[in-house]
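One structure below.
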Amino acid sequence: MRESRWCGSDDMRPTSARISQIAFLALFLFLFIQTEYRGHDEINAAVNAFFRADPLVAASFLLAAKSWTWLLVPALLMAAATLLLGRFFCGWICPMGTVLDLLTPKKRSRRPIAALKGNLKYWLLVPILSAALFNLNLAGLLDPMAILLRGLTFFLYPLLGLSARVGWVGLYRAFGERRDAITPAYDLLHTYLLPFRETIYPLASFSALILLTIIVLENFEERNWCRNLCPLGTLLGWLGRFSPFRRFPAGLCNDCGKCRELCPTTFDRDLLVREECILCMECRERCPKDRISFRFAIRRGGAGPLLPERRVLLGGMATGLLLAIPARFRMPEKEIRLLRPPGVRNENEFLDKCVRCGECMKVCLKSALYPAAWQAGIGGIYTPLVVPRLGYCEYNCTLCGQVCPTGAIPRLPVDAKQHEVIGKAAFDKNHCLPFARKINCIVCEEHCPIPTKAIRSREVEILGLDGKPGKVKEPYVVEDICNGCGICENVCPLETKAGIEVFGVKDRTPTSGGTGDTAQNGPGLGY
Amino acid sequence: MDRRSFLKAAAAASLLGPSLAREALAAKDQPLVAMAEGKDNAAVTRKAVNAVGGMKRFVKAGDVVVVKPNIGWDRSTEFAANTHPQVVRALVEECLAAGAKKVKVFDHTCNDSRRCYVNSGIEGALKGIRNVECKHIEPERFRKVALNGHFLKEWELYDEALSANVFINVPIAKHHGLTKLSLGLKNVMGIMGGNRGYIHRSIDVALADVNAHMKSHLTVIDATRILTAHGPQGGSMADVKVLNKVIASADIVAADAFASTLFGLKPADIPIIVAAHQRGLGEMNLARIKVVRV
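Next up, the structure:
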């Protein structure tokens, strides 16, 4: 039973790897909190930086979309660095690895799970890549950073926000306006740490459960997820085999063997398993005899066969194919409400490109975006859907396109985004008040953000339900200029079902500019 | 005069007398509406307020004042969907100069409140002024209030507006799809919580109900530029008309009634003004309103 590297009794010296890990985890969390509207139309730095540097995301994007985006250049650089240095990402950068290192138990009483050993990690990675080739992008489902981000976005962050809100409201209930005395402190927290709005997401518990499972696995073996399951780690490990940066000696010394105790990964038959080594350098730092070094050396050997066994390779590829084909199935009625973020014009292309990282949902200003559970087919799990009754697409906001790491939601200037079609609104005259009950309403027209109004009304003579003649404003949709933002459905004052709803459309050609509708925000008047 | 004619005359006098007396009193005490005009929005605002007696008439030392502009929409200042930040700032400064302990500025926005506060320019205009709060609405502060009105029996209103010593109503003058115009009486909707769209089915009566409970001590209508169509949001400069005017009055109905003329309308064209007048909330008859132009 070795002691955790974080709790070493004899050596609390913070090594470079430790400092780097903490710094990147802090950066990840900082960028996570930054992924929100903070008074500026542009978000300069968001947590998407981590995904853009993720070779697994890049590999599955390239295989599935079969196209190129400059957004993924950092991922290629990361792959190149891994070819040169080995799997350093896992021991120096990966925020999930750091979380596991921080939570790893000091003493372990359980033995490693045999079922996780062997080729299981390839049985995960190969099908992911092969499914991508057949247009099913699963990388995000098992990408460690996506798992961490979804656990944060859908579960932990709303939980933090809700707890704070309940406490804050509780103070108001107890003390009334005297609560104002500590308002500045709460404002500070609310501005810089807490979510602006506490949104409850579907799949929240599921996302938390996946994260929790990975953490629980840590009870059986240190970095259990990383060495036995993580598809990103497996990919990096495979690339890292080619690295000329090696540990010397390659195996354990005959007279000591403390490395096996210190190492968070594996010594197989007294030899360091190179594709698992995360270059934490713990063995070098803590070698009692100062014998260990890491240096560049061109030498073959030390690693197993280049590719996993043929049956794993072929079996994995077949699995990917078998997964990919049925995953595209979707009942046609699901399309009715398949509303994608603005700028997404083609559903299949979107499914190829979307990482399912959840950033668009984190950043969405009016909580319009929610992860699909089954609405988009099995292959569309965790992809973002607009749910207008819960939130609408804010006319002047372009944040989702700014934080999407792969451009699945394109980054568009605000005037272009305003013409992108999410869907088209249509009235349900059996519910809409002026039709169904012959009374005035037109809250939808009032809120429609299109400067020339995609919802208009005409005054008509009606016979009221009480038999008295009168006049009422009947609304109608000007379909050509409706962009499906969903504010009409969102604000419809009917309870539960709205009298106007946005429906998906196949043809998402942007609405024409028209005359005079230039309602982006102007330069302002000096403030 | 026989007994019969005396009784007739007495009855007539007792019936007509009070209303005649009211007419006479009203003539002596006509509601005052000030309209200031000029290029400097802050200066125009001050002129208008001074012409109806100055801020000291409304705000006493130590008062907590609510200045309630329209910050409803994510539109920048020039689109005339929100109250001009310079008008708001001038009023806030006047309140502080009159001795206000604290000035609170807020609105229950329709678009995302962060974007509205930022892009209206109002949050930025008030930044750094001491004893001024420009906070987002906090849902827990809405309080069910018995209105006992004609349409609304009770509704959730914002406690900071209810508990303030002075409520200053600062709408922008603009077109509205349902109510024709959105002015002071409509701007009070910004202190309402709940499912506000519900009141659209009888909005003039409902707003009279709310205004009867929430008295605006001073109404300052921003007509520095007005939105003439596609209100209340606008979004096209083609619908914006620059007037360089600010209207002030202690009588909210009189202020709204006079402001309707800026759009070429008559007060009687606007059902909210009529409903509020009939409720006794103020004067809508332009002949009985004293207008001071400065």
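Chains as they are written, first to last, in my numbering: chain A, 52 to 578; chain B, 292 to 585. Built from N, CA and C at the ideal position, the CB exists for glycine as well.
Residue from A:P377, A:V150, A:L290, A:V494 with nearest C-alpha to D128 of chain A
According to the sequence shown, residue 128 of chain A is Leu rather than Asp. Comparing Cα positions, the closest option is A:L290.
Would you decide whether E228 of chain A is buried or exposed? Buried here means 16 or more other CB atoms lie within 10 Å of its CB.
exposed
N- and C-terminal bounds of the beta strand (DSSP E) containing G366 of chain A:
Where G366 of chain A is concerned, there is no enclosing beta strand (DSSP E), although the alpha helix (DSSP H) it sits in stretches over 361 to 378.
Environment of V150 of chain A [buried if 16+ CB atoms lie within 10 Å]:
buried
So, does the CB of F591 of chain A fall closer than 8 Å to a CB anywhere in chain B?
Given that chain A is displayed from residue 52 to residue 578, the structure contains no residue 591 of chain A and the question cannot be resolved.
Cβ of K340 of chain A less than 8 Å from any chain B Cβ?
no
Residues bridged to K522 of chain A by DSSP?
A:E512
Going residue by residue through the stretch 252 to 309 of chain A, where are the continuous alpha helix (DSSP H) segments of at least 4 residues, counting only ones entirely within it?
255 to 268, 275 to 279, 282 to 291
Using the rule of at least 16 other Cβ atoms within 10 Å of the residue's Cβ for burial, across every protein chain shown, is D319 of chain A buried or exposed?
exposed
Could you say if the stretch 492 to 506 of chain A and the stretch 528 to 538 of chain A meet the contact criterion of at least three C-beta pairs nearer than 8 Å?
yes
Spatial neighbours of A476 of chain A in its chain, beta-carbon cut-off 6 Å, leaving aside the 5 residues before and after:
V528, C533, C539, I551, V553
E447 of chain B: contacting residues in chain A (beta-carbon distance under 7 Å)
By Cβ distance, chain A contributes nothing, its closest Cβ being about 14 Å from E447 of chain B, past 7 Å.
Would you call the CB atoms of K395 of chain B and G353 of chain B closer than 8 Å?
no
If I measure Cβ to Cβ from A327 of chain B and keep anything under 6 Å in the same chain, skipping five residues before and after, which residues do I get?
V335, K338, A339, V537, V585
Would you mind sorting T566 of chain A into buried or exposed? The rule is 16 or more other CB atoms within 10 Å of its CB.
The predicted model places T566 of chain A with a pLDDT of 39, which falls under 50 and marks its position as unreliable; any figure quoted below should be read in that light. Exposed.
From what residue to what residue does the beta strand (DSSP E) around W446 of chain B run?
445 to 449
Residue range of the unbroken alpha helix (DSSP H) whose run includes L187 of chain A
That residue, L187 of chain A, is in no alpha helix (DSSP H); it is neither H nor E in DSSP.
Shorter than 8 Å from the beta carbon of L474 of chain B to some beta carbon of chain A?
no
With a cut-off of 8 Å, does the C-beta of V409 of chain B fall near any C-beta of chain A?
yes
Can you tell me where the beta strand (DSSP E) with N460 of chain B in it begins and where it stops?
457 to 461
Classify S296 of chain B: buried if its beta carbon has 16 or more other beta carbons within 10 angstroms, exposed otherwise.
exposed
If you measure between the beta carbons of L498 of chain B and K471 of chain B, is that distance less than 8 Å?
no
Are there 16 or more other CB atoms within 10 angstroms of the CB of P392 of chain A, so buried, or fewer, so exposed?
buried
Beta-carbon proximity list for V45 of chain A, same chain, < 6 Å, skipping 5 on both sides:
Past the edges of chain A, shown from 52 to 578, lies residue 45 of chain A, and the structure says nothing about it.
With 8 Å as the threshold, decide whether the Cβ of R405 of chain B is near any Cβ in chain A.
yes
Per DSSP, P422 of chain A forms a beta bridge with which residues?
A:P435
Straight-line gap, L577 of chain B to F549 of chain B (C-alpha atoms, nearest Å):
7 Å
Chain B partners of Y88 of chain A, CB-CB under 8 Å?
D403, R405, R406
Which chain A residues sit within Cβ distance under 8 Å of H521 of chain B?
P502, T503, K504
Tell me the DSSP secondary structure of P356 of chain A in three-state form.
coil
Near F603 of chain A, which residues of its chain fall below 6 Å by C-beta distance, leaving aside the five closest residues on each side in sequence?
Not covered by the structure: residue 603 of chain A. The range shown for chain A is 52 to 578.
In whole angstroms, what separates the C-alpha of Y421 of chain A from that of L436 of chain A?
5 Å
In whole angstroms, give me the CA-to-CA distance for L189 of chain A and P195 of chain A.
12 Å
With a threshold of 8 Å between beta carbons, is D365 of chain B in contact with chain A?
yes
From the DSSP output, read off the bridge partner residues of L534 of chain B.
Looking at the DSSP assignment, L534 of chain B forms no beta bridge with any residue, so it has no partner.
Could you list which residues in chain B have their beta carbon closer than 7 Å to that of D253 of chain A, in chain order?
Position check: residue 253 of chain A holds Pro in this sequence, whereas Asp was assumed. What P253 of chain A touches in chain B: nothing, since even the nearest Cβ is about 22 Å away.
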